[in-house]
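Undergrad: Heads up: the sequence lines are chains A and B, in that order. Quick note on numbering: numbering that gives the first Met the number 0 labels position 141 of the first sequence as 140, and the sequence is numbered without any gaps. Quick note on numbering: numbering that gives the first Met the number 0 labels position 10 of the second sequence as 9, and the sequence is numbered without any gaps. Glycine included, C-beta positions come from ideal geometry on N, C-alpha and C. Remember, it's a predicted structure, so these values are computed and weren't measured experimentally.
There are 2 protein chains.
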Amino acid sequence: MTAGTTQLHKDRTAMRVTISDVADALNLTKSTVSRAMNGYPDIAEATQLRVKRMAQEMNYQPLSHAQAIKTGRTRSLGLVLQLSDHDAHRPFLAEFLAGLSEGASIEGYTLTVASADSDQHVIESFRALLRDGKADGFILPRAMVDDPRVKLLRDADVPFVLFGRQQNPEGCSWFDIRGEDAMRDAVHHLAALDHQRIGFINGGTRYAYAGLRLQGYLDGMASDGLSVASELIVEDALTMADGACAAKKLLDAKPPPTAIICATDQVALGVYRAATERGQAIGRNLSVVGYDGIQEGAQAQPALTTFSVDNRVAGVRLATLLIRRIRGEPSENLRETAAAVFLDRGSTGPPMGE
Amino acid sequence: MTAGTTQLHKDRTAMRVTISDVADALNLTKSTVSRAMNGYPDIAEATQLRVKRMAQEMNYQPLSHAQAIKTGRTRSLGLVLQLSDHDAHRPFLAEFLAGLSEGASIEGYTLTVASADSDQHVIESFRALLRDGKADGFILPRAMVDDPRVKLLRDADVPFVLFGRQQNPEGCSWFDIRGEDAMRDAVHHLAALDHQRIGFINGGTRYAYAGLRLQGYLDGMASDGLSVASELIVEDALTMADGACAAKKLLDAKPPPTAIICATDQVALGVYRAATERGQAIGRNLSVVGYDGIQEGAQAQPALTTFSVDNRVAGVRLATLLIRRIRGEPSENLRETAAAVFLDRGSTGPPMGE
DNA sequence: TCGCTTGCCGAAACCGGTTTCGGAACGCAA
DNA sequence: TTGCGTTCCGAAACCGGTTTCGGCAAGCGA
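1. Out of A:317, A:258, A:273, A:272, state which residue places its alpha-carbon closest to the alpha-carbon of residue 374 (chain A).
2. Residues of chain B with CB closer than 7 Å to the CB of residue 350 (chain A), please, in chain order.
3. So what does DSSP say about residue 276 (chain B), is it helix, strand or coil?
4. In the DSSP output, which residue or residues are listed as bridge partners for residue 355 (chain A)?
5. Can you find the residues in the same chain that come closer than 7 Å, C-beta to C-beta, to residue 54 (chain B), ignoring five residues on each side of it along the sequence?
6. Which residues in the same chain as residue 113 (chain A) place their Cβ atom closer than 8 Å to its Cβ, once the five residues preceding and following it in sequence are excluded?
7. Note down, in chain order, all residues in the region 273-305 of chain A with a beta-carbon under 9 Å from any beta-carbon belonging to chain B.
8. Which residues of the region 50-72 of chain B have a Cβ closer than 8 Å to any Cβ of chain A? Give them in chain order.
9. Check each residue of the region 234-258 of chain B: if its Cβ is closer than 8 Å to any Cβ of chain A, include it; give the result in chain order.
10. Does residue 318 (chain B) come within less than 9 Å of chain A when only Cβ atoms are used?
11. Can you find a CB in chain A that lies within less than 9 Å of the CB of residue 149 (chain B)?
12. List, in chain order, every chain B residue whose beta-carbon is nearer than 8 Å to that of residue 344 (chain A).
13. Quick check: what's the CA-CA separation for residue 222 (chain B) versus residue 142 (chain B)?
14. Could you check whether the Cβ of residue 29 (chain A) sits closer than 8 Å to any heavy atom belonging to the ligand PLP?
15. At least one CB of chain A closer than 9 Å to the CB of residue 132 (chain B): is that the case?
16. Which residue spans inside the region 41-105 of chain A form an unbroken beta strand (DSSP E) run of at least 3?
17. Between B:296, B:350, B:291, B:44, which has its C-alpha nearest residue 408 (chain B)'s C-alpha?
18. The alpha helix (DSSP H) that contains residue 155 (chain B), what's its start and end?
19. Going by DSSP, which residues form a beta bridge with residue 196 (chain B)?
20. Does DSSP put residue 110 (chain A) in a helix, a strand or coil?
21. Measure the C-alpha to C-alpha separation of residue 15 (chain A) and residue 130 (chain B) and round it to an integer number of angstroms.
22. Give the residues from the region 116-128 of chain A that approach chain B closer than 9 Å (Cβ to any Cβ), ordered along the chain.
23. Of all the beta strand (DSSP E) runs that stay within the bounds of the region 194-251 of chain A, which reach a length of 3 or more residues?
24. DSSP puts residue 175 (chain A) in a beta bridge; with which residues?
25. Can you tell me which of the three DSSP states residue 19 (chain A) falls into?
26. Would you be able to state if there are at least three C-beta pairs under 8 Å between the region 232-248 of chain A and the region 163-177 of chain A?
27. Is it true that the CB of residue 219 (chain A) sits closer than 9 Å to the CB of residue 209 (chain A)?
28. Where DSSP assigns a beta bridge to residue 125 (chain B), which residues make up the other side?
29. Under 9 Å between C-beta atoms, does residue 140 (chain A) make it to chain B?
30. Near residue 312 (chain A), what residues of its chain come up, given a Cβ to Cβ distance below 8 Å and the 5 sequence neighbours on each side ignored?
31. Which whole-angstrom value is the C-beta distance of residue 348 (chain B) and residue 192 (chain B), which I expect to be below 8 Å?
32. To which residues of the same chain is residue 132 (chain B) closer than 6 Å at the C-beta, ignoring the five residues directly before and after it?
33. Taking the beta strand (DSSP E) that residue 138 (chain B) falls in, what are its first and last residues?
34. Mind checking which residues open and close the beta strand (DSSP E) that includes residue 259 (chain A)?
35. By the three-class DSSP mapping on this structure, what secondary structure does residue 143 (chain B) have?
36. Return the residues of the region 34-51 of chain A that lie within a Cβ-Cβ distance of less than 9 Å from chain B, sorted by chain order.
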């Protein structure tokens, strides 16, 4: 009785099954069980099987912090959020976290989250988490162009994975969405509608994605035989307000663009605002394409045509990549990209001759 | 040389200062150092001081997972996010996390985050985190009316704190914003503008806050001598769409309300949409008051009058309360509430006689 | 002066694992 | 048979802490 097979034991450690329990049950020593569990070659295959089966049966799982004391690794992934970041990524955070913790838990890892409000504090967080063995490696959200986190962790030989790519790939692993492909596709989409003057509002230049997306836009324009006008390109727009401001500038060009591609949905919504203020009808007088797939875009009038990014999947992939990295796979084997999904909604249409 | 005082050690454990190092430096045994650090009474006060000073000087900090193996506690706070939750709380998440990890790190704790997509999985996450010593206690965001998490953790005698209050307070600690006061103040604000027919759209009834806010609304109406019309109250609106739907229902009442108080900003923005579709001008034909202080409210036209909640502070408070709870303080000493801050913006005005 | 408490600390066991080392048992060739 | 190399596992040390236990020395009263 009392056994409470799956209860949240009141009496703490009372009923944890330890490695010794398993060893006793098999008439082996704990050293043998340990080596069997960890796949050491000097254990007979039959024994290894017996041990693993029994462990399964007894529901034994080694205590991560007990192994950590010897191995130094505690089966947890570190994530340091940088808050001074404008709010752009906040809507993604929940899904991203869900993905990370899902990917982590599949392999028996957990996720440790810290936050910091400056580059300096991010570094300090890394150090503290490592020092205390609270993280075996790190996920770096929002890869930056000259990322100080990368420099640090690479030099220190600490495993990490980036959400986003890196110019100098040495020692870097990553998962990323091919934003450049999306921008190129956006151009094609608009060109197919007969747009000629297509503007581009890019995101924060400190982020690695900006360079890629700009290139995608340029490639698209070139491959469609469209000429690129420098006055139709604005860089470094982060917020909705930035987007509105940039849109005004673009709409003041002469001739103005008939379509604007935005590196982020936030910015695209800013374009909505600016255009609406000028009495331009989105999707008719002005076509807009965004990127990210944030919810506000779906609710805008008309719904924003955009490329949606699955941040949950990104989290899952990043977690599994990091775990493989921690387990010793070389970083160059651990690089993945995926495509964004085009959502053709209401904010594009053929250009209006006026 | 090479010492690399504060480097992110490449060579792993190589240079960690252990309890034995401190003991050697003082010509004491590690048992003495341990007891001194933990304030055992059988250590001379002078010795305790010497030890602590030396520890400070040598930058010694016990390895949490080394102590955990004996004590069972690992100095980390658990947070299990429930994703099936509609997206309402997502914008808050970043600030909330920042607050939590800030409050945690002040006391040398870290934050472990997991996620789940059902009540059942939440429970399993709790269990897994406890089992592996990944959490000494839990923060429970979004207190629910009959919260299964509370039942479980209370019975299991695991420390936890709620963001939100609980009807049956036994064993519960919490931090909460007094939404009922806000709703009451909203009524007063509108009554002072001469509104008589004031509608109320409440949030999800499964959440603990809904009951409180409704009561606040009712109290406010009563204390201002206004009569409450049941057709002007809608419960259980979670999303913007719900808000729009509820608003339509209210506006169909005869006579319709001249003002609507919403338990959340999300819902208030839904009211915006519904009202605008009917050609009602917010702030003129219809006054609206929200609650939460989300960013979209500030950008709406006109800016939404609301009560802003500081989720970062909430996180800090919750973390420190939980740590005190873990350290043994009785739960009834660990209950705090704070006021929301009224943001008088553009969405309210005197009722228009028509 | 003696015995007994009390204050303070060291010795050693312990926590739940990992890892090194050595040796028993076995197979096989000489 | 002996000798030798493998295969496989047990014994024991170890990781960095905590905690129990016991003993020494000082302090105290008789």
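TA: In short:
1. Absent from the structure is residue 374 (chain A), since the part of chain A shown begins at 0 and ends at 353.
2. In the first sequence, counting from the first residue as 1, residue 350 (chain A) sits at position 351. Here the premise fails: no neighbours, minimum Cβ distance about 28 Å.
3. Translated into the one-based positions of the second sequence, residue 276 (chain B) becomes position 277. Helix.
4. Any property of residue 355 (chain A) remains undetermined from this structure, which presents chain A solely from 0 to 353.
5. Position 55 of the second sequence, counting from 1, holds the residue named residue 54 (chain B). Within the same chain, Cβ atoms closer than 7 Å to the Cβ of residue 54 (chain B) are found at 21, 36, the five residues on either side in sequence being excluded.
6. Here residue 113 (chain A) refers to the residue found at position 114 when the first sequence is read from its first residue. Cβ-Cβ distances below 8 Å link residue 113 (chain A) to 77, 78, 79, 80, 124, 127, 128 in the same chain, with the five nearest sequence neighbours on each side left out; the list follows chain order.
7. Within the region 273-305 of chain A, the residues whose Cβ lies closer than 9 Å to any Cβ of chain B are, in chain order, 294, 295, 298.
8. Going along the region 50-72 of chain B in chain order, one finds 60, 62, 63, 64, 65, 67, 68, 71 with a Cβ nearer than 8 Å to chain A.
9. Those would be 239, in chain order.
10. For this step, residue 318 (chain B) is matched to residue 319 along the second sequence. Among the CB atoms of chain A, none fall inside 9 Å of the CB of residue 318 (chain B).
11. The residue labelled residue 149 (chain B) in the question sits at position 150 within the second sequence. No, its Cβ sits nowhere closer than 9 Å to a Cβ of chain A.
12. Translated into the one-based positions of the first sequence, residue 344 (chain A) becomes position 345. Within chain B, no C-beta atom comes less than 8 Å from the C-beta of residue 344 (chain A); the nearest is roughly 17 Å away.
13. In the second sequence, counting from the first residue as 1, residue 222 (chain B) sits at position 223. In the second sequence, counting from the first residue as 1, residue 142 (chain B) sits at position 143. So the two alpha carbons sit approximately 28 Å from each other.
14. With respect to the ligand PLP, the structure shown offers nothing to examine, as it has no ligands at all.
15. Start at 1 with the first residue of the second sequence, and residue 132 (chain B) comes out as number 133. Closer than 9 Å: yes.
16. Counting whole runs of 3 or more residues, the region 41-105 of chain A contains the beta strand (DSSP E) stretches 75-81.
17. Residue numbering for chain B in the displayed model covers 0 to 353; residue 408 (chain B) lies beyond these limits and cannot be assessed.
18. One-based indexing of the second sequence puts residue 155 (chain B) at position 156. Start and end: 147-155.
19. Position 197 of the second sequence, counted from the start, is the residue given in the question as residue 196 (chain B). Answer is none; residue 196 (chain B) lacks a bridge partner.
20. Taking the first sequence and counting its residues from 1, the one referred to as residue 110 (chain A) is at position 111. In the structure shown, residue 110 (chain A) falls within a strand segment according to DSSP collapsed to helix, strand and coil.
21. Your numbering for residue 15 (chain A) matches position 16 in the first sequence. Your numbering for residue 130 (chain B) matches position 131 in the second sequence. Their Cα atoms are separated by approximately 8 Å.
22. Taking 9 Å as the upper bound on Cβ-Cβ separation, chain B lies near residues 116, 122, 124, 125, 126, 127, 128 of the region 116-128 of chain A.
23. Counting only runs of 3 or more residues that sit fully inside the region 194-251 of chain A, the beta strand (DSSP E) segments are 197-200, in chain order.
24. Residue mapping note: residue 175 (chain A) aligns to position 176 of the first sequence, counting from 1. For residue 175 (chain A), which the question treats as bridged, DSSP gives the partners A:336.
25. Along the first sequence, one-based indexing puts residue 19 (chain A) at 20. When secondary structure is reduced to three states using DSSP, residue 19 (chain A) falls in the helix class.
26. Touching, no.
27. Within the first sequence, numbered from 1, the residue matching residue 209 (chain A) stands at position 210. Within the first sequence, numbered from 1, the residue matching residue 219 (chain A) stands at position 220. Taking a C-beta distance under 9 Å as the contact criterion, residue 209 (chain A) and residue 219 (chain A) do not qualify as a contact pair.
28. The residue labelled residue 125 (chain B) in the question sits at position 126 within the second sequence. Per DSSP, none; premise fails for residue 125 (chain B).
29. Within the first sequence, numbered from 1, the residue matching residue 140 (chain A) stands at position 141. Not closer than 9 Å to any Cβ of chain B, the Cβ of residue 140 (chain A) fails to qualify, so no.
30. Stepping through the first sequence from its first residue, residue 312 (chain A) is reached at position 313. The answer, listed in chain order, is 98, 337.
31. Your numbering for residue 348 (chain B) matches position 349 in the second sequence. Your numbering for residue 192 (chain B) matches position 193 in the second sequence. So it is a contact: roughly 7 Å between Cβ atoms.
32. On the second sequence, position 133 is the one that residue 132 (chain B) refers to. A distance below 6 Å between beta-carbons, with the five flanking residues on each side excluded, links residue 132 (chain B) to the following residues of its chain, in chain order: 67, 73.
33. Looking up residue 138 (chain B) in the second sequence gives position 139. Looking at the DSSP string, the run of the beta strand (DSSP E) that includes residue 138 (chain B) is 136-139.
34. As a working note, residue 259 (chain A) is residue 260 in the first sequence. Element bounds for residue 259 (chain A): 258-261.
35. The sequence position of residue 143 (chain B) within the second sequence is 144, counting from 1. Strand, per DSSP.
36. For the region 34-51 of chain A, no residue has a beta-carbon sitting nearer than 9 Å to a beta-carbon of chain B.
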